[in-house]
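Notes follow once the structure below has been shown.
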């Protein structure tokens, strides 16, 4: 595992066994860091796909953040989206990884960034993975092209950080708007569970391999 030089975010890249395999981008939640997710490959598809772990750009009280929580969410989300677009461009132009072979995923804040960015894409991603997140700002800026991108969206029934009902309502909104949504809920809090990883891995396998 090593960083990709030239990206606007601190990162680590784990290549697949085959160069033509798809790529999963993984983004952490508030107050965390990318290193917390380095074990994802062992729970997902191993070396059948590549992984790019991204660290949020701004420091938090502990760890890092993708955006603020004090009413300035959209400012930070726009900044994070811009940085991700730079990542996509670099991956395609310098690493030979086209955007339509990339699944953009994250947990909590990372999930929010994934959906916020993915639905605004003119060039569709291979997929969006939103684990314990929600859809910030609705669908007013969504593109028709982005509806070609399948979404894997999950939430814990007992989440006391980001309410389950909010995420479920946003999932219904995405589905009713024409997005290809795979929605799952699990008997857990604000966390990631083994069953969720198994389901996510199966979904990824159908898209990237």
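Numbering (the working numbering), first residue to last: 617 to 825.
All residues carry an ideal CB built from backbone N, CA and C; glycine is no exception.
- Query: Do the region 779–796 and the region 807–814 touch if we need at least three Cβ pairs shorter than 8 Å?
  - Reply: Taking a cut-off of 8 Å for Cβ pairs, the region 779–796 and the region 807–814 do not touch, as fewer than three such pairs fall below it.
- Buried or exposed: where does residue 635 fall if 16 or more other Cβ atoms within 10 Å of its Cβ makes it buried? Counting the other Cβ atoms within 10 Å of the Cβ of residue 635 gives fewer than 16, which makes it exposed.
- Item | For residue 819, the three-state DSSP class (helix, strand or coil) | Residue state, collapsed to three classes: helix.
- Query: Does the region 666–686 come close enough to the region 646–653 that 3 or more CB-CB pairs lie under 8 Å?
  - Reply: Flag = yes, the region 646–653 and the region 666–686 touch.
- Message: Relative to the C-alpha of residue 794, which candidate in 770, 755, 822 has its C-alpha closest?
- Response: The shortest C-alpha separation from residue 794 is found at 755.
- Per DSSP, residue 804 is paired with what? Answer is none; residue 804 lacks a bridge partner.
- Option nearest residue 667 by Cα separation, candidates 627, 739, 763: Checked all of 627, 739, 763; the closest Cα to residue 667 is 627.
- Could you give the distance in angstroms between the alpha-carbon of residue 741 and the alpha-carbon of residue 711? Going by the C-alpha atoms only, they are around 16 Å apart.
- Task: Determine the DSSP secondary structure at residue 770, reduced to helix, strand or coil.
- Result: Three-state result, residue 770: strand.
- Message: Taking the alpha carbon of residue 738 as the reference point, which residue from 748, 731, 760, 659 has its own alpha carbon closest?
- Response: Nearest in C-alpha terms to residue 738, of all of 748, 731, 760, 659, is 760.
- According to DSSP, residues forming a beta bridge with residue 641: For residue 641, which the question treats as bridged, DSSP gives the partners 668, 720.
- Just how far apart, CA to CA, sit residue 765 and residue 798? Take the alpha-carbon of residue 765 and the one of residue 798: they are about 11 Å apart.
- Query: With burial defined as no fewer than 16 other Cβ atoms inside 10 Å of the residue's Cβ, what is the status of residue 657: buried or exposed?
  - Reply: Counting the other CB atoms within 10 Å of its CB gives residue 657 a total of 16 or more, which places it among the buried residues.
- Message: Please list the terminal residues of the continuous beta strand (DSSP E) segment that includes residue 629.
- Response: Note, residue 629: beta strand (DSSP E), 627–630.
- Taking DSSP as the reference, what is the three-state secondary structure of residue 699? Three-state DSSP puts residue 699 in a helix.
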